[in-house]
Amino acid sequence: MQQPLRARVRNGRLVLDEPTDLPEGEEVELVPADTDDMDAEERAALHESLAVSLDQMKKGQLIDGDEVLARLRARR
178 MQQPLRARVR
188 NGRLVLDEPT
198 DLPEGEEVEL
208 VPADTDDMDA
218 EERAALHESL
228 AVSLDQMKKG
238 QLIDGDEVLA
248 RLRARR
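First residue of the sequence shown? That's 178 in this note's numbering, and the numbers climb one at a time after it.
Now the structure itself:
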C-alpha cells in the first residue's frame with residue numbers, strides 16, 4: 178500500500194510537496210487531514226483526556242502497552 182501523499186493548496190490548486198511514482202493520469206481521492214466527526218463536546222473531552230495522560234506520563238504513572246493489552250484480553 179502506498180504511503181499517503183501530502184499536498185498544499187496554491188492558487189486554488191493542490192500541489193504535491195514531494196515527488197510520486199504514480200502513473201500519469203492516475204486518479205486519487207483527497208480527504209482533508211483535519212476532518213473528523215467529533216463535535217465540540219467530544220473534542221473537549223479528548224483534549225482533557227490527553228492532558229490527564231500527559232500529566233500521568235510526566236509523573237511516571239503510565240502502564241506498559243503490553244500489560245494493558247494483557248489486561249484487556251483477560252477480561253474476555
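Yeah, the Cβ is synthetic: ideal placement off N, Cα and C, and Gly gets one too.
- About 7 Å separates the Cβ atoms of Glu195 and Arg183, confirming a contact at the 8 Å cut-off.
- Spanning the alpha carbons of Asp214 and Lys236 requires a straight line of approximately 32 Å.
- Counted as a single uninterrupted DSSP element, the stretch harbouring Val229 is not any beta strand (DSSP E) but the alpha helix (DSSP H) occupying residues Ala217 to Lys235.
- Spanning the alpha carbons of Asp243 and Arg250 requires a straight line of approximately 11 Å.
- Taken through DSSP and simplified to helix, strand or coil, Val208 comes out as coil.
- Leu249: member of the alpha helix (DSSP H) spanning Gly242 to Ala251, first to last residue.
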